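Novice: Chains as they are written, first to last, in the numbering used here: chain B, 1 to 155; chain A, 1001 to 1155.
Number of protein chains: 2
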Amino acid sequence: MNSTSDEIKDDYNFISEALIDIYDQIMRIEESEIRKSRFKDITAKELHLIHTIGLHDRKTTSEVSRVLKLSKGTLTANLNNLEKKGYIIRMINQQDRRIINLGLTSKGRLLYRAHYAFHRQLVESCLKGFDGSNIRKMRQALVNVEKFIDEVSSK
Amino acid sequence: MNSTSDEIKDDYNFISEALIDIYDQIMRIEESEIRKSRFKDITAKELHLIHTIGLHDRKTTSEVSRVLKLSKGTLTANLNNLEKKGYIIRMINQQDRRIINLGLTSKGRLLYRAHYAFHRQLVESCLKGFDGSNIRKMRQALVNVEKFIDEVSSK
DNA sequence: CTAAAATAGTTTGAAATTCAAACTATTTTG
DNA sequence: CAAAATAGTTTGAATTTCAAACTATTTTAG
Chain B
1 MNSTSDEIKD
11 DYNFISEALI
21 DIYDQIMRIE
31 ESEIRKSRFK
41 DITAKELHLI
51 HTIGLHDRKT
61 TSEVSRVLKL
71 SKGTLTANLN
81 NLEKKGYIIR
91 MINQQDRRII
101 NLGLTSKGRL
111 LYRAHYAFHR
121 QLVESCLKGF
131 DGSNIRKMRQ
141 ALVNVEKFID
151 EVSSK
Chain A
1001 MNSTSDEIKD
1011 DYNFISEALI
1021 DIYDQIMRIE
1031 ESEIRKSRFK
1041 DITAKELHLI
1051 HTIGLHDRKT
1061 TSEVSRVLKL
1071 SKGTLTANLN
1081 NLEKKGYIIR
1091 MINQQDRRII
1101 NLGLTSKGRL
1111 LYRAHYAFHR
1121 QLVESCLKGF
1131 DGSNIRKMRQ
1141 ALVNVEKFID
1151 EVSSK
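1) Starting from leucine 104(B), follow the beta strand (DSSP E) in both directions and report where the run begins and ends.
2) Would you mind giving the Cβ-Cβ distance between leucine 1049(A) and asparagine 1080(A), rounded to the nearest angstrom? I have them listed as a contact below 8 Å.
3) Please report how far the alpha carbon of glutamine 140(B) lies from the alpha carbon of arginine 1028(A), in whole angstroms.
4) Grab me the residues of isoleucine 135(B)'s own chain with a C-beta within less than 8 Å of its C-beta, minus the 5 sequence neighbours each way, in chain order.
5) In whole angstroms, what separates the C-alpha of lysine 1009(A) from that of arginine 109(B)?
6) Counting Cβ pairs, one atom from each stretch, are 3 or more of them under 8 Å apart for the region 1105-1125 of chain A and the region 1060-1079 of chain A?
7) Residues in its own chain within less than 8 Å of arginine 58(B) by CB, not counting five upstream and five downstream?
8) Taking the straight line between their C-alpha atoms, what separation do you get for serine 5(B) and leucine 1122(A)?
9) Return the first residue and the last residue of the beta strand (DSSP E) that isoleucine 1089(A) is part of.
10) Please check if any C-beta of chain B sits within less than 8 Å of the C-beta of tyrosine 1087(A).
11) In whole angstroms, give me the CA-to-CA distance for phenylalanine 148(B) and glycine 86(B).
12) Identify the contact partners of valine 64(B) in chain A, using a Cβ-Cβ distance below 9 Å as the criterion.
13) Alanine 44(B) and glutamate 33(B): beta carbons closer than 8 Å?
14) Kindly indicate if chain A contains any beta-carbon less than 8 Å away from that of lysine 59(B).
15) Looking at chain B, which residues of the region 1121-1142 of chain A have a Cβ within less than 9 Å of any of its Cβ atoms?
16) Please state whether DSSP places threonine 1061(A) in a helix, a strand or coil.
17) Excluding the five sequence neighbours on either side, which residues of its own chain have a C-beta within less than 8 Å of the C-beta of leucine 82(B), listed in chain order?
18) Label threonine 74(B) either buried or exposed according to how many other C-beta atoms from any shown protein chain fall within 10 Å of its C-beta, with 16 as the threshold for buried.
19) Are any of the Cβ atoms in chain A nearer than 8 Å to that of glutamine 95(B)?
20) Is the distance from the Cβ of methionine 138(B) to the Cβ of isoleucine 1015(A) below 8 Å?
21) Assuming the contact rule is C-beta atoms closer than 8 Å, glycine 132(B) and glutamate 1007(A) should be a hit. Round their C-beta distance to whole Å, please.
22) Say whether chain B places a C-beta atom closer than 8 Å to the C-beta of lysine 1069(A).
23) At which residue ranges does the region 16-54 of chain B contain complete alpha helix (DSSP H) runs of 4 or more residues, listed in the order of the chain?
24) Are the C-beta atoms of asparagine 1144(A) and some chain B residue less than 8 Å apart?
25) Does any CB atom of chain A fall closer than 8 Å to the CB of glutamate 46(B)?
26) Please list, in chain order, the chain B residues whose beta carbon lies closer than 8 Å to that of isoleucine 1042(A).
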């Protein structure tokens, strides 16, 4: 297929606009879908935190606050909430008792999987009708975004 | 190019994971880049609000609060801040004097364009080396996401 | 035509979120 | 072993958010 430089510019504009708008909507839908399920007490931010804590990692509080760029105090508050609601547990690290390792409860793991499934569904519907090479390209585009982000943030 | 179903599944997983993580980083970078420029007093949320108000639309407060899913009270507070900082103006609609139409000041328009330019840069770097047909596919993927979002939110 | 209802936006007071700084407990270093 | 460093929590203040009450204006219905 051939494209004029005007068509490409138009595509670029469309893609830029769409990206600016879409993600906010995804966050919102994510939250509203999760609230329709048995996890009615969860906000989008908490979902994000649960995703970061992850299924298997036993991350520390410091690691999570670094990844999410939240102050340690803020994270402590968030973790208190999620602990109270029964989604996470704190485990004192026996090698170094200053450290708290974080884990998901079974309820937390269910939520994690529900969230992940929603995203998979989104990606599947987004790539419907794409063949393997197109999907590869899509993946490449995301790698490029990550590279761009790294460059900008390290400069 | 040929792909096994396992490879595709792996790509799907990669793409899902990447999407979950990337947006938060983009928001953060957007804000930190804008704060390095002459617009040091702007947060990511305010940037988003300025984008929604837009260059030409003269949207009303209600429209904006509906789009951004913010309560009217919250939006009033945000608009007060942006007005104080000189990015937006409120215009009483002379046909219906209950209505406030929103517009950007010249400073607000400069910020709008700087934000847009950043996104264009991101999209360009993300699609580097893609040909016209690949870019088309990318665009199609975003249309699919929009469709998915509409379906989920209207069901 | 006008009183009642509806609509647009602001104000208010309370709850939630966030941060930085001070603090506690523990481990590492010199 | 005392001092410094590190992990996480607590604290108090600032900011953000919401829903409900409120003001001003327009629309509707009798």
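Beta carbons are placed, not taken as given, at the ideal position from N, Cα and C, and that holds for glycine.
Everything numeric in this text was worked out from a predicted model, so none of it was measured.
Specialist: A quick look at the data gives this:
1) Here the beta strand (DSSP E) through leucine 104(B) covers 100-104.
2) Contact between leucine 1049(A) and asparagine 1080(A) fails: their C-beta atoms lie close to 12 Å from each other, not under 8 Å.
3) Glutamine 140(B) and arginine 1028(A): Cα-Cα distance of roughly 22 Å.
4) Cβ-Cβ distances below 8 Å link isoleucine 135(B) to Leu127 in the same chain, with the five nearest sequence neighbours on each side left out; the list follows chain order.
5) The straight-line gap from Cα to Cα measures roughly 21 Å.
6) Between the region 1105-1125 of chain A and the region 1060-1079 of chain A, the count of C-beta pairs closer than 8 Å stays below three; the two stretches do not touch.
7) Cβ within range, chain order: Met91, Asn101, Leu102 and Gly103.
8) Distance between serine 5(B) and leucine 1122(A), taken at the CA atoms: about 18 Å.
9) Per DSSP, the continuous beta strand (DSSP E) segment holding isoleucine 1089(A) begins and ends at 1088-1092.
10) Not an interface residue.
11) In a straight line, the C-alpha of phenylalanine 148(B) is about 38 Å away from that of glycine 86(B).
12) Here the premise fails: no neighbours, minimum Cβ distance about 13 Å.
13) No.
14) Lysine 59(B) does not count as touching chain A.
15) From the region 1121-1142 of chain A, only Gln1121, Leu1122, Val1123, Glu1124, Ser1125, Cys1126, Leu1127, Lys1128, Gly1129, Phe1130, Asp1131, Gly1132, Ser1133, Asn1134, Ile1135, Arg1136, Lys1137, Met1138, Arg1139, Gln1140, Ala1141 and Leu1142 have a Cβ closer than 9 Å to chain B.
16) Here threonine 1061(A) sits in helix by DSSP.
17) Excluding the 5 residues flanking it on each side, leucine 82(B) has same chain C-beta neighbours closer than 8 Å at Glu46, Leu49, Ile50, Ile88 and Gly108, in chain order.
18) Threonine 74(B) should be labelled exposed.
19) Interface residue (Cβ-Cβ distance to chain A less than 8 Å): glutamine 95(B) is not classified as such.
20) Here methionine 138(B) is near isoleucine 1015(A), since their CB atoms are less than 8 Å apart.
21) Indeed, because the Cβ distance is near 7 Å, the residues count as touching under 8 Å.
22) Taking Cβ atoms only, chain B reaches closer than 8 Å to lysine 1069(A), which makes this a yes.
23) Every unbroken stretch of the alpha helix (DSSP H) spanning 4 or more residues and falling wholly within the region 16-54 of chain B is given here in chain order: 44-53.
24) It does: the Cβ of asparagine 1144(A) has a partner Cβ on chain B nearer than 8 Å.
25) It does not; no Cβ of chain A falls within 8 Å.
26) Ordered by position in chain B, no residue passes the 8 Å Cβ test against isoleucine 1042(A), which lies about 15 Å from the chain.
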